[in-house]
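Asker:
Protein chains: 2
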Amino acid sequence: MSAQRFLIVDDHALFRTGLSMILQQDESVAEVIEAGSVLEAKNLTLDLPNLLLLDIQMPGLTGIEGITILKDRFPMTPIIMLSSSDKPQDKQLALAQGAAAFLNKAATAEEIHRVIKQVLTGNLVDDNHLSKQENTLNNKHRQSSSMIGDESDKKLTARQLEVLALICEGKSNKLIARELNVSENTVRGHVSSVLSCLGVSRRSEAIMVAQKQGIISY
Amino acid sequence: MSAQRFLIVDDHALFRTGLSMILQQDESVAEVIEAGSVLEAKNLTLDLPNLLLLDIQMPGLTGIEGITILKDRFPMTPIIMLSSSDKPQDKQLALAQGAAAFLNKAATAEEIHRVIKQVLTGNLVDDNHLSKQENTLNNKHRQSSSMIGDESDKKLTARQLEVLALICEGKSNKLIARELNVSENTVRGHVSSVLSCLGVSRRSEAIMVAQKQGIISY
DNA sequence: CATTAACTAGTCCTTTTGGACTAGTGTGTT
DNA sequence: AACACACTAGTCCAAAAGGACTAGTTAATG
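Protein chains in written order, with this note's numbering: chain A, 243 to 460; chain B, 243 to 460.
#1: Please compile the residues from chain A whose C-beta is within a distance smaller than 8 Å of the C-beta of residue 407(B).
#2: Please list, in chain order, the residues of the segment 249-260 of chain A that have any C-beta partner in chain B closer than 7 Å.
#3: If you run the structure through DSSP and keep just helix, strand and coil, what is residue 421(B)?
#4: Give a yes or no on whether 8 Å exceeds the smallest Cβ distance from residue 376(A) to chain B.
#5: From this set, 445(B), 320(B), 281(B) and 249(B), which residue's C-alpha is nearest residue 337(B)'s C-alpha?
#6: So the candidates are 452(B), 297(B), 314(B) and 443(B); which of them puts its Cα closest to the Cα of residue 257(B)?
#7: From the beta carbon of residue 412(A), is the nearest beta carbon of chain B less than 8 Å away?
#8: Please report the residue range of the beta strand (DSSP E) in which residue 457(A) lies.
#9: Relative to chain B, which residues along the segment 328-359 of chain A have a C-beta separation below 9 Å, given in chain order?
#10: What separation, rounded to the nearest whole angstrom, lies between the Cα atoms of residue 329(B) and residue 259(A)?
#11: Pull out every residue of the segment 433-449 of chain B whose Cβ sits closer than 8 Å to any Cβ of chain A, in chain order.
#12: Tell me the DSSP secondary structure of residue 271(B) in three-state form.
#13: Just the Cα atoms here: how many angstroms apart are residue 306(B) and residue 408(B)?
#14: Using a Cβ cut-off of 8 Å (strictly closer), state whether residue 454(B) contacts chain A.
#15: Could you name the residues that DSSP lists as bridge partners for residue 247(A)?
#16: DSSP three-state label for residue 346(B), please.
#17: Residues in its own chain within less than 6 Å of residue 387(B) by CB, not counting five upstream and five downstream?
#18: Using a Cβ-Cβ distance cut-off of 8 Å, determine whether residue 306(B) contacts chain A.
#19: Taking the alpha helix (DSSP H) that residue 262(B) falls in, what are its first and last residues?
#20: Using the rule of at least 16 other Cβ atoms within 10 Å of the residue's Cβ for burial, across every protein chain shown, is residue 446(B) buried or exposed?
#21: Are the C-beta atoms of residue 263(A) and some chain B residue less than 8 Å apart?
#22: Kindly confirm or deny that the segment 313-327 of chain A and the segment 341-352 of chain A touch, where touching means at least three C-beta pairs closer than 8 Å.
#23: Should residue 276(A) go down as buried or exposed, given a rule of 16 or more other Cβ atoms within 10 Å for buried?
#24: Should residue 412(B) and residue 250(A) be called a contact, given that it needs their Cβ atoms to be closer than 8 Å?
#25: Can you tell me the Cα-Cα spacing of residue 415(B) and residue 430(B), whole angstroms?
#26: At a CB-CB cut-off below 7 Å, which residues of chain B make contact with residue 326(A)?
#27: Would you kindly check if the distance between the Cβ of residue 295(B) and the Cβ of residue 324(B) is under 8 Å?
#28: Write down the C-beta distance between residue 254(B) and residue 326(A) rounded to the nearest angstrom, noting that I regard them as a contact closer than 8 Å.
#29: I need the DSSP call for residue 222(A), collapsed to helix, strand or coil.
#30: Which residues in the same chain as residue 292(B) place their Cβ atom closer than 6 Å to its Cβ, once the five residues preceding and following it in sequence are excluded?
#31: Measuring alpha carbon to alpha carbon, tell me which of 404(B), 437(B) and 410(B) ends up nearest residue 423(B).
#32: Using C-beta distances below 7 Å, list every residue in its chain close to residue 273(B), excluding the 5 sequence neighbours before and after it, in chain order.
#33: For residue 444(A), which residues in the same chain have their Cβ closer than 7 Å to its Cβ, ignoring the five residues on either side in sequence?
#34: Residue 268(B): which of 359(B), 455(B) and 426(B) sits nearest, CA to CA?
The structure is reproduced here in structure tokens:
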């Protein structure tokens, strides 16, 4: 276990720099890359990092939904979720989505090093009941707002989340297409899927729903 | 300006450590003391620090209220407020309570060093408009956050705000017209004004800007 | 190997949106 | 009275968005 490369995703540059320095206290850490958002991390051109540290609360795509995208981009990389709060549902959601561990930002440097070591040696924190929860939690995820009949509740794919994030940034289909290097028609397809998944018919409605459901935040 | 001693008050150990390391990049910094809460900071037995960095969001006493306590405990020490959000009311409150400056945690290490230098040399950041409280209610609250330049900021009329709110709820022009008992053409006029006031060209962009500026909230 | 799902790309068509206009009606203000 | 301003309503037009399709490619899965 040497020449480790870590990737930090957090919107606070201050926090990133600080965490980066803490990580580099370990001499086995060769490189710490920083990204200010999920999409920025996704667009980095680099080989698979050994570990990904992902903040939950970020403007734009939240860390929870970011897991989907970043697991798609960096398939073999374990993800440690970082959060300012200790909300148990956050932790459950993160682990259900496939995070390897959950760390509160109030943790000390020692705790962080300990958890990282655990994750890197293959001991997923709280992985003992992941398989059972995979289904139940994914349902529970959005059932919070589905008291009334809300059957359009499939979860969005990584690409759809990406498109949704850009919609929420106010981008037009044309701009999204340029940004994703696909045709505008393709974007339309994704937008269409997103709208139908969210059960709405306008992108501005989608923005509202995405916020209410915690998919994106400001 | 040598042998500086700084005091950080923040509930996140990780953040404290990181910020401390950033501060110590400056060789004039002799010591960085950390405290996890306002009361912990207050009960420290130490001489007056040269600078106090205080987080706004903390369990227990918030930073805003903490200013009063810490200015009493460390009378001559300037206070830089730290916040995760850019909420203008937070910033105004902090400055009104006597903070010397306001820093977003998304700031880079360079920005931090710059602001600290400004504060230590006596140039209070943004203290120029503290006295005009009567305008700040009606008028725009954005001139304060001029660190990141934002341009078009005429104020919206009541009707325009109403329309903007409905836009942000995802309503179409037709629905808005029905809700306000006016013609769709009228709504178009208002939407057009709103877009131009916000300096955007799409309603989804307007939603984003409206949220960032705190014009509407969820 | 077959199947499925996701991503891609396209067409055709309708509705919506937004910009650039003109203009009438109140409501204040000077 | 004159003026400014907000709100109202309209037209014309171009661009954008969205629905309903078909279809090829790729990756994963059984």
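Positions of the beta carbon are idealized from the N, C-alpha and C atoms, including for glycine.
Predicted model only: the values in this text are computed from it and were never measured.
Answerer: On the basis of the coordinates in this document:
#1: Here residue 407(B) is taken as the residue at index 165 of the second sequence, counted from 1. Near residue 407(B) there are no residues of chain A at all, since even the closest Cβ is about 11 Å away, more than 8 Å.
#2: Residues passing the 7 Å Cβ filter: 253, 254, 255, 256, 257, 259 and 260.
#3: Position 179 of the second sequence holds residue 421(B). Reduced to three states, the DSSP call for residue 421(B) is helix.
#4: By one-based count along the first sequence, residue 376(A) stands at place 134. Per-residue confidence for residue 376(A) stands at a pLDDT of 39, beneath the threshold of 50, marking its modelled position as unreliable; the derived number appears in the next sentence. False, the Cβ-Cβ gap to chain B never drops below 8 Å.
#5: Looking up residue 337(B) in the second sequence gives position 95. Ranking 445(B), 320(B), 281(B) and 249(B) by Cα distance to residue 337(B) puts 320(B) first.
#6: Residue mapping note: residue 257(B) aligns to position 15 of the second sequence, counting from 1. Per the Cα distances, 297(B).
#7: To locate residue 412(A), count along the first sequence from 1; it is residue 170. At a cut-off of 8 Å between beta-carbon atoms, residue 412(A) makes contact with chain B.
#8: Here the question's residue 457(A) lines up with position 215 in the first sequence. Run containing residue 457(A): none; DSSP gives neither H nor E here.
#9: Flagged, chain order: 345, 346, 347, 348, 349, 350, 351, 353 and 354.
#10: On the second sequence, residue 329(B) is found 87 positions in, with the first residue counted as 1. On the first sequence, residue 259(A) is found 17 positions in, with the first residue counted as 1. Rounded to whole angstroms, the gap between the alpha carbons of residue 329(B) and residue 259(A) is 23 Å.
#11: For the segment 433-449 of chain B, residues whose beta-carbon sits nearer than 8 Å to a beta-carbon of chain A comprise 442, 444, 445, 446, 447, 448 and 449.
#12: Walking along the second sequence from the start, residue 271(B) turns up at place 29. Strand, per DSSP.
#13: To locate residue 306(B), count along the second sequence from 1; it is residue 64. To locate residue 408(B), count along the second sequence from 1; it is residue 166. Going from the Cα of residue 306(B) to the Cα of residue 408(B) covers about 33 Å.
#14: Translated into the one-based positions of the second sequence, residue 454(B) becomes position 212. Closer than 8 Å to some Cβ of chain A, the Cβ of residue 454(B) qualifies, so yes.
#15: The sequence position of residue 247(A) within the first sequence is 5, counting from 1. By DSSP's assignment, residue 247(A) forms a beta bridge with 273(A).
#16: Residue mapping note: residue 346(B) aligns to position 104 of the second sequence, counting from 1. Reduced to three states, the DSSP call for residue 346(B) is strand.
#17: As a working note, residue 387(B) is residue 145 in the second sequence. Because residue 387(B) carries a pLDDT of 31, less than 50, the predicted location of this residue cannot be relied on, and no value is offered for it.
#18: Stepping through the second sequence from its first residue, residue 306(B) is reached at position 64. Taking CB atoms only, residue 306(B) has no neighbour in chain A less than 8 Å away.
#19: Numbered from 1 along the second sequence, position 20 holds the residue referred to as residue 262(B). Run containing residue 262(B): 255-265, per the alpha helix (DSSP H) assignment.
#20: Within the second sequence, residue 446(B) is the residue found at index 204, counting from 1. So residue 446(B) ends up on the buried side.
#21: The residue labelled residue 263(A) in the question sits at position 21 within the first sequence. Residue 263(A) has a beta carbon lying within less than 8 Å of a beta carbon in chain B.
#22: A contact exists between the segment 313-327 of chain A and the segment 341-352 of chain A.
#23: Looking up residue 276(A) in the first sequence gives position 34. Buried.
#24: One-based indexing of the second sequence puts residue 412(B) at position 170. One-based indexing of the first sequence puts residue 250(A) at position 8. It is not a contact, given that the beta carbons lie outside the stated cut-off.
#25: Residue numbering aside, residue 415(B) sits at position 173 when the second sequence is read from its first letter. Residue numbering aside, residue 430(B) sits at position 188 when the second sequence is read from its first letter. Their backbone Cα atoms lie some 7 Å apart in a straight line.
#26: Residue numbering aside, residue 326(A) sits at position 84 when the first sequence is read from its first letter. Under the 7 Å cutoff, chain B gives 254.
#27: By one-based count along the second sequence, residue 324(B) stands at place 82. By one-based count along the second sequence, residue 295(B) stands at place 53. Their beta carbons are under 8 Å apart, which means residue 324(B) touches residue 295(B) by this criterion.
#28: Here residue 254(B) is taken as the residue at index 12 of the second sequence, counted from 1. Here residue 326(A) is taken as the residue at index 84 of the first sequence, counted from 1. Between residue 254(B) and residue 326(A) the beta-carbon gap is near 7 Å, inside 8 Å, which marks them as a contact.
#29: For residue 222(A) there is no data in the structure shown, the boundaries of chain A being 243 and 460.
#30: Counting from 1 along the second sequence, the entry for residue 292(B) is found at position 50. These residues qualify, in order along the chain: 246 and 247.
#31: By 1-based counting over the second sequence, the position of residue 423(B) is 181. Of the candidates 404(B), 437(B) and 410(B), the residue whose Cα lies closest to the Cα of residue 423(B) is 404(B).
#32: Here residue 273(B) is taken as the residue at index 31 of the second sequence, counted from 1. 247.
#33: In the first sequence, the residue the question calls residue 444(A) occupies position 202. For residue 444(A), where only same-chain residues beyond five positions count, there are no Cβ hits under 7 Å.
#34: Numbered from its first residue, the second sequence carries residue 268(B) at position 26. Checked all of 359(B), 455(B) and 426(B); the closest Cα to residue 268(B) is 359(B).
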